[in-house]
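Take the sequence shown: its letter number 26 is residue 30 in this note's numbering, and every next letter is one higher. We treat Cβ as the ideally placed atom computed from N, Cα and C, and that holds for glycine. Remarks on the structure that follows.
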Amino acid sequence: MSIVVCHTCSTEWAATARPWCPTCLLAKWTSSPNLITEKHAPENATAIREGYRSVVSEEVVNNLRAFLADAVESGTWYYNAEYEKYNHVTRLPLEQKPGAGVSSGNSQPDRHLDDFVIADADFDPHLFADDRDETRRKLTTGIYRPLDACSRAKCDNLSQPRVRKCVLHADPPIATKSRP
Ligand SMILES: [Zn+2]
Ligand SMILES: [Zn+2]
């Protein structure tokens, strides 16, 4: 495990497990103006629309920072080949309810969703909830692809989204190896 120190905020983290500084990423997410779009907002759960959609729960809206702080420490990055963007997916404990699905033409949510997803998580982050079977389907069909390891030989840190290098081997580097 490679522990690194963020050049921006001095947070230490394991770059083999997370491609980016969790503190800086959380700051990016919490300052995003488009985090909960109208389509996925809970107050619009009863609006009838064409096409399936997911709405995030009131629980998420009321505890947004806590949900994001948990996600930043435990979620997984995937390249989404369908949208050519990066999604950050967090499997939440069963007692937490990140959202619900509303079928096309319905005015009520009709299924629970258990994955907390930040779409376009490194660029224009916005939240939605997804079914964990759907996450699995995206993985097995190759729509979701895990991040590669850093392209530098013998480096097993994760590469950053959009960059084939880890935070240590990016040019310029954005973190330094931690000295115990
Ligand atoms: Zn940082
Ligand atoms: Zn590297």
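Among all the DSSP beta bridges, which residues are the ones paired with residue i?
| i | result |
| --- | --- |
| tryptophan 81 | His92 |
| isoleucine 122 | His92 and Leu131 |
| glycine 105 | Ser58 and Arg115 |
| lysine 181 | Val8 |
| alanine 18 | Ile7 |
Taking 7 Å as the cut-off, is the CB of residue i close to at least one heavy atom of ligand 1?
| i | result |
| --- | --- |
| aspartate 28 | Per the sequence shown, residue 28 should be read as cysteine rather than aspartate. For ligand 1, at least one heavy atom lies less than 7 Å from the Cβ of cysteine 28. |
| threonine 15 | yes |
| threonine 180 | no |
| threonine 145 | no |
| threonine 20 | no |
| glycine 12 | A quick correction: the sequence has threonine, not glycine, at residue 12. Because some heavy atom of ligand 1 lies under 7 Å away, the Cβ of threonine 12 counts as near it: yes. |
To the nearest angstrom, how far is the alpha carbon of residue i from that of residue j?
| i | j | result |
| --- | --- | --- |
| leucine 131 | asparagine 38 | 9 Å |
| proline 150 | serine 35 | 26 Å |
| arginine 156 | serine 14 | 24 Å |
| aspartate 126 | leucine 30 | 11 Å |
| tyrosine 56 | alanine 133 | 12 Å |
| aspartate 135 | arginine 69 | 22 Å |
| lysine 32 | histidine 92 | 13 Å |
| arginine 166 | alanine 174 | 11 Å |
| valine 59 | aspartate 128 | 18 Å |
| aspartate 124 | valine 64 | 18 Å |
| glycine 109 | isoleucine 40 | 22 Å |
| asparagine 67 | isoleucine 122 | 15 Å |
| arginine 53 | cysteine 28 | 36 Å |
| aspartate 119 | proline 97 | 9 Å |
| alanine 73 | glutamate 16 | 15 Å |
| alanine 18 | valine 8 | 6 Å |
Heavy atom of ligand 2 less than 7 Å from the Cβ of residue i, yes or no?
| i | result |
| --- | --- |
| lysine 2 | Because the chain here runs from 5 to 184, residue 2 falls outside it and cannot be looked at. |
| cysteine 159 | yes |
| arginine 168 | no |
| arginine 156 | yes |
| leucine 151 | no |
| leucine 172 | yes |
Nearest chain C C-beta to residue i closer than 8 Å, yes or no?
| i | result |
| --- | --- |
| proline 102 | No chain C is present in this structure, which holds just one protein chain. |
field: Within the region 136-167, ranges of the alpha helix (DSSP H) (whole runs, at least 4 residues)
entry: 136-144
- prompt: Touching or not, the region 110-118 and the region 69-77, by the rule of three or more beta carbon pairs under 8 Å?
  reply: no
- prompt: Okay, do the region 44-59 and the region 87-96 touch, 3+ Cβ pairs below 8 Å being the bar?
  reply: no
query: Would you say the region 172-183 touches the region 10-27, given that touching needs at least three Cβ pairs under 8 Å?
result: yes
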